[in-house]
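Position in the sequence shown counted from 1, then plus 8, gives you the numbering used here.
The beta carbon of each residue, even a glycine, is placed where N, CA and C say it ideally should be.
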Amino acid sequence: MDKKLIGLVIVSILAVVTVSGCIGDNSDSTVYDGLVFNNGDISFNYPSDWKNFTSSSHNSAQVASLKTDKGDTSLLSVYIDSANYSIDEYKSLNEPNPGETLISSGDITIDGVKGFDISLKYYESGGGEQRIIGFIKNGYFYRIIFTTGDLKVINSDMDLVINSFKVL
C-alpha cells in the first residue's frame with residue numbers, strides 16, 4: 009500500500025474517533041437528570057424532584073424558593089441583596105442565634121469567590137437543620153439557605169446546587 013494512502017487512512021480514523029468522543033477529556037460530559045433555575049441574575053442546577061413554591065415568608069430579596077419531600081420536607085431559598093457589609097460581617101450575622109446550635113462553620117468557594125458555609129441546628133417549630141452559604145459578587149450579597157430535618161438526607165442535592173451556582 010502507498011505510504012500516503014496509509015497516512016490518510018490513519019488520519020481519517022483519528023478524526024472519526026476524536027469527533028465521536030472516544031478520545032479527549034470528557035470530564036464535563038456528566039449526564040445530568042434534573043432542572044436548571046435561571047432568572048437572568050443567577051443560575052444553578054437542581055434535582056427534578058425539587059419544585060418551585062411560594063414561601064409564606066417571601067420578601068423582595070428572595071429570588072428562588074424550591075422544596076422537596078426528601079427528609080420530610082426540605083427547602084431551598086436564595087436571596088440577593090446589595091452588599092452593605094464585608095463577608096466577615098455577613099458571616100457573623102448568620103452565626104447561630106440563642107436557641108440554635110452550630111454544627112459546622114467554614115469557608116467555601118462558590119462561583120469563583122470566597123464565602124462562608126455555616127450549618128446549624130434550630131429548635132423552634134419542631135426543629136431541624138439549616139445550611140447557610142453566603143458570598144459577595146459584583147456588589148451584591150448572595151445567600152443560599154437549605155432547611156431540612158437532616159442535612160445528610162439532601163447532601164448530594166446541596167452539592168449539585170452549590171457546584172453549579174453562577175452569577176450571570
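query                                                                                                                                              : result
Using beta-carbon positions only, say whether Ser68 and Lys174 come within less than 7 Å of one another.                                           : no
Out of Phe149, Tyr131 and Ile88, which has the shortest C-alpha to C-alpha gap to Glu97?                                                           : Phe149
Quick one: grab the DSSP three-state call for Gly142.                                                                                              : strand
Quick one, are the C-beta atoms of Gly134 and Asp80 less than 7 Å apart?                                                                           : no
Is the beta carbon of Tyr54 sitting closer than 7 Å to the one on Val161?                                                                          : no
If you reduce the DSSP assignment to three classes, tell me which class Glu103 lands in.                                                           : coil
Buried or exposed for Val44, please, with buried defined as at least 16 other CB atoms from any protein chain shown within 10 angstroms of its CB. : exposed
Cα separation between Ser90 and Asp57?                                                                                                             : 31 Å
Look at the alpha carbon of Lys145 and the alpha carbon of Lys78, and state the distance between them as a whole number of angstroms.              : 31 Å
Please state whether DSSP places Val27 in a helix, a strand or coil.                                                                               : Note on Val27: pLDDT 35, under 50, position unreliable in the model; the coordinate value appears next. If DSSP states are grouped into helix, strand and coil, Val27 belongs with the helices.
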